[in-house]
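Visitor: Those protein sequences? They're chains A and B, same order as listed.
Heads up, the first sequence is in our numbering, so the first residue is 599 and it goes up one at a time.
Heads up, the second sequence is in our numbering, so the first residue is 599 and it goes up one at a time.
Just passing along the structure, written as structure tokens.
Protein chains: 2
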Amino acid sequence: MSKKPLILISNDDGITSKGIRTLVEVMAEIGEVVVVAPDSPQSGMGHAITIGNTLRLDRSNQFGDLGVEAYQCSGTPADCVKLAKHHVLHDRRPDLVVSGINHGSNTSVSVLYSGTMSAAIEAALEGLPAIGFSLCDYSHDADFSHVRHWVKEITLKALANGIPEGITLNVNFPPHKAGEVKGLKVCRQARARWQEEFDQRKDPAGRSYFWLVGSFVNMETGDSSDSDEWAIANGYVSLVPCTFDLTAYKTMQQIQGWGL
Amino acid sequence: MSKKPLILISNDDGITSKGIRTLVEVMAEIGEVVVVAPDSPQSGMGHAITIGNTLRLDRSNQFGDLGVEAYQCSGTPADCVKLAKHHVLHDRRPDLVVSGINHGSNTSVSVLYSGTMSAAIEAALEGLPAIGFSLCDYSHDADFSHVRHWVKEITLKALANGIPEGITLNVNFPPHKAGEVKGLKVCRQARARWQEEFDQRKDPAGRSYFWLVGSFVNMETGDSSDSDEWAIANGYVSLVPCTFDLTAYKTMQQIQGWGL
Numbered sequence: 599m600s601k602k603p604l605i606l607i608s609n610d611d612g613i614t615s616k617g618i619r620t621l622v623e624v625m626a627e628i629g630e631v632v633v634v635a636p637d638s639p640q641s642g643m644g645h646a647i648t649i650g651n652t653l654r655l656d657r658s659n660q661f662g663d664l665g666v667e668a669y670q671c672s673g674t675p676a677d678c679v680k681l682a683k684h685h686v687l688h689d690r691r692p693d694l695v696v697s698g699i700n701h702g703s704n705t706s707v708s709v710l711y712s713g714t715m716s717a718a719i720e721a722a723l724e725g726l727p728a729i730g731f732s733l734c735d736y737s738h739d740a741d742f743s744h745v746r747h748w749v750k751e752i753t754l755k756a757l758a759n760g761i762p763e764g765i766t767l768n769v770n771f772p773p774h775k776a777g778e779v780k781g782l783k784v785c786r787q788a789r790a791r792w793q794e795e796f797d798q799r800k801d802p803a804g805r806s807y808f809w810l811v812g813s814f815v816n817m818e819t820g821d822s823s824d825s826d827e828w829a830i831a832n833g834y835v836s837l838v839p840c841t842f843d844l845t846a847y848k849t850m851q852q853i854q855g856w857g858l
Numbered sequence: 599m600s601k602k603p604l605i606l607i608s609n610d611d612g613i614t615s616k617g618i619r620t621l622v623e624v625m626a627e628i629g630e631v632v633v634v635a636p637d638s639p640q641s642g643m644g645h646a647i648t649i650g651n652t653l654r655l656d657r658s659n660q661f662g663d664l665g666v667e668a669y670q671c672s673g674t675p676a677d678c679v680k681l682a683k684h685h686v687l688h689d690r691r692p693d694l695v696v697s698g699i700n701h702g703s704n705t706s707v708s709v710l711y712s713g714t715m716s717a718a719i720e721a722a723l724e725g726l727p728a729i730g731f732s733l734c735d736y737s738h739d740a741d742f743s744h745v746r747h748w749v750k751e752i753t754l755k756a757l758a759n760g761i762p763e764g765i766t767l768n769v770n771f772p773p774h775k776a777g778e779v780k781g782l783k784v785c786r787q788a789r790a791r792w793q794e795e796f797d798q799r800k801d802p803a804g805r806s807y808f809w810l811v812g813s814f815v816n817m818e819t820g821d822s823s824d825s826d827e828w829a830i831a832n833g834y835v836s837l838v839p840c841t842f843d844l845t846a847y848k849t850m851q852q853i854q855g856w857g858l
């Protein structure tokens with residue numbers, strides 16, 4: 599690449615989070631960076647978009663110390679990418695879209711609930727190469743120091759090799775406390791589910807309300823060493839290439855047999 | 599099936615919409631029905647869940663005339679299914695979860711933005727067989743009369759044959775004005791995208807705000823007669839079996855070759 603690549607950054611924890619600052623710092627070493635990120639936390643927003651309400655977009659000085667152009671948006675992560683592509687950047691096509699670094703895991707089925715990954719998948723839907731980065735540590739002041747090297751290496755490899763069209767990379771890092779990273783595994787999404795429970799309480803007026811409380815249950819049986827959950831549990835970075843074509847091709851013939 | 603199947607219904611247009619009433623009426627002919635649906639419209643919510651806020655769940659008399667037990671929830675479609683499974687039904691396992699009938703198309707990539715399909719996919723994530731139904735007519739008072747027969751037939755076939763585990767059926771119907779339905783096609787998700795534009799306006803205080811305005815662009819080239827968009831455009835019901843495993847298996851080896 600003769601000139602510096604243009605890199606668009608978004609996330610779901612909001613523009614003031616530690617994770618996005620880490621990502622901006624690393625990307626600023628690689629290319630020209632533009633940030634369009636939510637003005638408030640958007641975790642668990644899945645692939646939500648704002649269609650029945652208005653959107654605000656304001657210039658932000660959040661990364662002024664790094665000389666990085668930034669905007670904060672009232673919408674979801676997917677809204678941010680749409681506004682970035684069609685309004686902020688309009689005639690400038692980003693060479694890469696990166697999202698994160700999320701405070702918390704987006705392995706396995708969490709990819710479906712993840713605002714971080716929805717920003718990246720939205721980019722892929724728009725024909726842009728994209729990567730979502732997540733750290734398996736939910737704390738507000740999580741330690742990202744051990745992942746900087748990996749974020750940079752993965753980004754450089756993606757720029758050099760090109761991410762295939764329609765594919766989004768879902769990258770998860772073990773937490774800092776897990777010790778030295780052993781390496782990177784290209785994985786499949788593990789079979790798992792969130793086992794929900796609801797914490798039912800009474801408000802001051804005596805009316806019921808609920809908090810969602812989920813616990814993650816790994817449903818793998820047998821050898822799961824090719825899964826993202828295995829990689830993280832064993833100290834590796836997991837990288838799952840994701841498609842947005844949900845068609846279950848292998849099931850089509852079976853359902854054709856129903857005689858509908 | 600010796601006793602009446604237990605059918606859980608949700609949607610994204612909200613509990614008062616015409617589409618969910620149509621669905622409740624048809625399902626009440628087939629089984630015992632419980633409704634847990636949003637108390638307000640949730641279109642475009644994707645797979646959002648409520649994790650930083652509380653949820654309300656109230657008994658509703660919306661379908662009292664049909665003798666159907668119903669609840670309205672302050673959350674997203676995915677929240678409704680979670681609350682239904684883990685709180686409302688707790689020890690009763692539904693034989694089928696159906697979502698819709700959506701006022702508007704959920705073909706092609708719209709499946710990712712769809713609240714209707716997120717309720718159905720959430721059910722599949724929880725190990726339950728599920729179908730999302732959508733009518734390609736966005737109007738509030740859309741005519742659903744031509745789809746009742748198809749909704750019933752598809753549901754009966756799904757109950758009789760069993761939907762494979764982890765698969766969700768995404769069913770779309772042509773609008774009433776398209777004339778008589780020609781039949782049903784088991785399809786793949788069409789290659790298409792939403793081409794976004796933003797309508798930028800000034801509020802009374804002179805500050806900018808935006809409305810998202812998208813137009814759907816079919817990106818298919820060559821023969822697309824196996825796609826859902828083709829089916830709808832040609833007067834057929836489209837049925838796409840969907841997976842929630844986003845792994846792009848065919849791309850794994852290529853990325854392994856990057857030497858990360």
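Backbone N, C-alpha and C define an ideal beta-carbon position, used for all residues, glycine too.
For residue 656 of chain A, which beta-bridge partners are listed by DSSP?
Guide: To locate residue 656 of chain A, count along the first sequence from 1; it is residue 58. Beta-bridge pairing links residue 656 of chain A to A/670.
Visitor: Please classify residue 599 of chain A: does DSSP put it in a helix, a strand, or coil?
Guide: If you number the first sequence from 1, residue 599 of chain A lands on position 1. Interpretation of residue 599 of chain A is limited by its pLDDT of 49, a score under 50 that renders its predicted location unreliable; the figure taken from the coordinates is listed afterwards. Looking at residue 599 of chain A - three-state DSSP - the assignment turns out to be coil, as it is neither helix nor strand.
Visitor: May I ask you to report which of helix, strand or coil DSSP gives residue 759 of chain B?
Guide: Looking up residue 759 of chain B in the second sequence gives position 161. Looking at residue 759 of chain B - three-state DSSP - the assignment turns out to be helix.
Visitor: Between the Cα of residue 630 of chain B and those of B/816, B/820 and B/666, spot the shortest distance and give me the residue it belongs to.
Guide: Residue 630 of chain B sits at position 32 when you count from the first residue of the second sequence. Checking every option, the nearest Cα to that of residue 630 of chain B belongs to B/666.
Visitor: To the nearest whole angstrom, what separates the beta carbons of residue 715 of chain A and residue 702 of chain A, a pair I think is in contact under 8 Å?
Guide: If you number the first sequence from 1, residue 715 of chain A lands on position 117. If you number the first sequence from 1, residue 702 of chain A lands on position 104. So it is not a contact: roughly 12 Å between Cβ atoms.
Visitor: Return helix, strand or coil for residue 607 of chain A, following the three-state DSSP convention.
Guide: What you label residue 607 of chain A is simply residue 9 of the first sequence in a count that begins at 1. Looking at residue 607 of chain A - three-state DSSP - the assignment turns out to be strand.
Visitor: Pull up the CB-CB distance for residue 605 of chain A and residue 692 of chain A, whole angstroms please, since I reckon it's below 8 Å.
Guide: As a first step, residue 605 of chain A must be located in the first sequence, where it is residue number 7. As a first step, residue 692 of chain A must be located in the first sequence, where it is residue number 94. 6 Å between Cβ atoms; contact.
Visitor: Does the distance from the C-beta atom of residue 766 of chain A to that of residue 728 of chain A stay below 8 Å?
Guide: Counting from 1 along the first sequence, the entry for residue 766 of chain A is found at position 168. Counting from 1 along the first sequence, the entry for residue 728 of chain A is found at position 130. Yes, they are a contact pair.
Visitor: For a quick check, are the C-beta atoms of residue 636 of chain B and residue 757 of chain B less than 8 Å apart?
Guide: As a position in the second sequence, residue 636 of chain B is number 38, starting the count at 1. As a position in the second sequence, residue 757 of chain B is number 159, starting the count at 1. Result no, Cβ atoms of residue 636 of chain B and residue 757 of chain B do not sit closer than 8 Å.
Visitor: Considering only the beta carbon of each residue, do residue 824 of chain B and residue 770 of chain B sit closer than 8 Å?
Guide: Locating residue 824 of chain B in the second sequence gives position 226, where the first residue counts as 1. Locating residue 770 of chain B in the second sequence gives position 172, where the first residue counts as 1. For residue 824 of chain B and residue 770 of chain B, no; Cβs fall outside 8 Å.
Visitor: Does any residue of chain A have a CB that is nearer than 8 Å to the CB of residue 680 of chain B?
Guide: Within the second sequence, the letter at position 82 stands for residue 680 of chain B. So yes, residue 680 of chain B belongs to the interface.
Visitor: Residue range of the alpha helix (DSSP H) that residue 845 of chain B falls in?
Guide: In the second sequence, the residue the question calls residue 845 of chain B occupies position 247. Premise fails: residue 845 of chain B is in no alpha helix (DSSP H) and is neither H nor E.
Visitor: So, at 7 Å on beta carbons, what are the nonlocal neighbours of residue 624 of chain A in its own chain, with the 5 sequence-adjacent residues on each side left out?
Guide: Here residue 624 of chain A corresponds to residue number 26 of the first sequence, with the count starting at 1. Same-chain partners within the cutoff: 746, 749 and 750.
Visitor: Kindly list, in the order they appear in chain A, the residues whose Cβ is closer than 7 Å to that of residue 646 of chain B.
Guide: As a working note, residue 646 of chain B is residue 48 in the second sequence. The contacting residues are 642, 643, 644 and 646.
Visitor: Please state whether the Cβ-Cβ distance between residue 591 of chain B and residue 768 of chain B is less than 8 Å.
Guide: The structure shown does not extend to residue 591 of chain B, since chain B spans only 599 to 858, so no value can be given for it.
Visitor: With DSSP run on the structure shown, which of helix, strand or coil describes residue 850 of chain B?
Guide: Sequence index remark: in the second sequence, residue 850 of chain B carries index 252 (1-based). In this structure, residue 850 of chain B counts as helix in the three-state DSSP scheme.
Visitor: Under 8 Å between the Cβ atoms of residue 733 of chain B and residue 784 of chain B?
Guide: As a working note, residue 733 of chain B is residue 135 in the second sequence. As a working note, residue 784 of chain B is residue 186 in the second sequence. For residue 733 of chain B and residue 784 of chain B, no; Cβs fall outside 8 Å.
Visitor: So if DSSP puts residue 767 of chain B in a beta bridge, which residue, or which two residues, is it bridged to?
Guide: Position 169 of the second sequence, counted from the first residue, corresponds to residue 767 of chain B. In DSSP, residue 767 of chain B forms a bridge with B/729 and B/839.
Visitor: For residue 833 of chain A versus residue 780 of chain A, is the C-beta spacing smaller than 8 Å?
Guide: Within the first sequence, numbered from 1, the residue matching residue 833 of chain A stands at position 235. Within the first sequence, numbered from 1, the residue matching residue 780 of chain A stands at position 182. Their beta carbons are under 8 Å apart, which means residue 833 of chain A touches residue 780 of chain A by this criterion.
Visitor: In whole angstroms, give me the CA-to-CA distance for residue 720 of chain A and residue 847 of chain A.
Guide: As a first step, residue 720 of chain A must be located in the first sequence, where it is residue number 122. As a first step, residue 847 of chain A must be located in the first sequence, where it is residue number 249. Looking at the two C-alpha atoms, the distance is approximately 22 Å.
Visitor: Is the distance from the Cβ of residue 695 of chain A to the Cβ of residue 718 of chain A below 8 Å?
Guide: Working through the first sequence from its first residue, we reach residue 695 of chain A at position 97. Working through the first sequence from its first residue, we reach residue 718 of chain A at position 120. Going by C-beta atoms, residue 695 of chain A is nearer than 8 Å to residue 718 of chain A.
Visitor: Excluding the five sequence neighbours on either side, which residues of its own chain have a C-beta within less than 7 Å of the C-beta of residue 793 of chain B, listed in chain order?
Guide: In the second sequence, residue 793 of chain B corresponds to position 195, counting from 1. Contacts found: 812, 813 and 815.
Visitor: In chain order, what residues of the stretch 690 to 723 of chain A put their CB closer than 8 Å to some CB of chain B?
Guide: Hits within the stretch, in order: 707, 709, 710, 711, 716, 719 and 723.
Visitor: Does any residue of chain A bring its CB to less than 8 Å from the CB of residue 843 of chain B?
Guide: Your numbering for residue 843 of chain B matches position 245 in the second sequence. Yes, because at least one Cβ of chain A sits closer than 8 Å to the Cβ of residue 843 of chain B.
Visitor: Give the residues from the stretch 795 to 811 of chain B that approach chain A closer than 9 Å (Cβ to any Cβ), ordered along the chain.
Guide: So the list reads 795, 796, 798, 799, 801, 805, 806, 807, 808, 809 and 810, given in the order they occur along the chain.
Visitor: Could you tell me which of A/613, A/710 and A/830 sits nearest to residue 670 of chain A, measuring between CA atoms?
Guide: Within the first sequence, the letter at position 72 stands for residue 670 of chain A. Looking at the Cα atoms, A/613 is the closest of the given residues.
Visitor: Looking only at DSSP bridge pairs, what is residue 795 of chain B linked to?
Guide: Within the second sequence, numbered from 1, the residue matching residue 795 of chain B stands at position 197. Per DSSP, B/811.
Visitor: Answer yes or no: do residue 662 of chain A and residue 711 of chain A have a C-beta to C-beta separation smaller than 8 Å?
Guide: On the first sequence, residue 662 of chain A is found 64 positions in, with the first residue counted as 1. On the first sequence, residue 711 of chain A is found 113 positions in, with the first residue counted as 1. No, these two residues do not count as a Cβ contact at 8 Å.
Visitor: Looking at the C-beta of residue 856 of chain B, does it have a partner C-beta in chain A at a distance below 8 Å?
Guide: Here residue 856 of chain B is taken as the residue at index 258 of the second sequence, counted from 1. At least one chain A Cβ lies under 8 Å of residue 856 of chain B.
Visitor: Along the chain, which unbroken stretches of the beta strand (DSSP E) at least 3 residues long are found entirely within the stretch 695 to 740 of chain A?
Guide: With a minimum length of 3 residues, the continuous beta strand (DSSP E) runs that stay inside the stretch 695 to 740 of chain A are 728 to 733.
Visitor: By how many angstroms is the C-alpha of residue 708 of chain A removed from the C-alpha of residue 844 of chain B?
Guide: Here residue 844 of chain B refers to the residue found at position 246 when the second sequence is read from its first residue. Here residue 708 of chain A refers to the residue found at position 110 when the first sequence is read from its first residue. In a straight line, the C-alpha of residue 844 of chain B is about 11 Å away from that of residue 708 of chain A.
Visitor: Measure from the C-beta of residue 654 of chain A to each C-beta in chain B and report whether the shortest distance is under 8 Å.
Guide: If you number the first sequence from 1, residue 654 of chain A lands on position 56. So yes, residue 654 of chain A belongs to the interface.
Visitor: Can you tell which of B/830, B/810 and B/828 has its C-alpha closest to the C-alpha of residue 652 of chain A?
Guide: Sequence index remark: in the first sequence, residue 652 of chain A carries index 54 (1-based). Residue B/810 is the option with its Cα nearest to residue 652 of chain A.
Visitor: Using a Cβ-Cβ distance under 8 Å, would residue 853 of chain A count as near chain B?
Guide: Within the first sequence, residue 853 of chain A is the residue found at index 255, counting from 1. It does; some Cβ of chain B falls within 8 Å.
Visitor: Using three-state DSSP, classify residue 775 of chain A as helix, strand or coil.
Guide: Counting from one through the first sequence, the residue named residue 775 of chain A turns up at place 177. DSSP places residue 775 of chain A in helix when its eight states are reduced to three.
Visitor: Less than 8 Å between CB atoms is the rule here; does residue 759 of chain A satisfy it with respect to chain B?
Guide: For this step, residue 759 of chain A is matched to residue 161 along the first sequence. So yes, residue 759 of chain A belongs to the interface.
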